[in-house]
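To keep things clear, I will list the structure first and then write my remarks on it.
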Amino acid sequence: MATYEYRCQRDGSFDTILPIGTAGMSTHCPSCGGRAVRVFSTPGLVRTPTALRQAVDRAERSAETPDVVSRVPGGRPVRRSRHPAHARLPRW
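So that you can map any letter, position 82 of the sequence shown is 82 in the numbering used here, and since no number is skipped, the others follow by simple counting.
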């Protein structure tokens, strides 16, 4: 069995599972019954690792609604030099 993608002008894209090689160039939309044409897209052969998928999902969500933080994450202690010339350097 293979998954075929079709696009209806009214309802958008939907998938249909059919035996390999039996999909036509058009079919009926399951929502409205209208004509839907076949869309040729890349096959889903590779499975994305869970950690990568979660990172991509977080990045996509933060594009619209970024997380607000109250402090810099990490909490590393600040290392201060005791050299007298370093005291004259600008601080950020």
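Built from N, CA and C at the ideal position, the CB exists for glycine as well.
Residue environment: C32 is assigned as exposed (fewer than 16 neighbouring CB atoms within 10 Å of its CB, all protein chains considered). Between the alpha carbons of R71 and T48 lies a gap of roughly 32 Å. The three-state secondary structure of R61, taken from DSSP, is helix.
Counting only residues of its own chain and dropping the five nearest sequence neighbours on each side, Y6 has a CB closer than 8 Å to the CB of S13, F14, D15, T16, S26, T27, C29, A36, V37, R38, V39. The stretch 18-75 is shown to contain whole beta strand (DSSP E) runs of 3 or more residues at 26-28, 35-39, in chain order.
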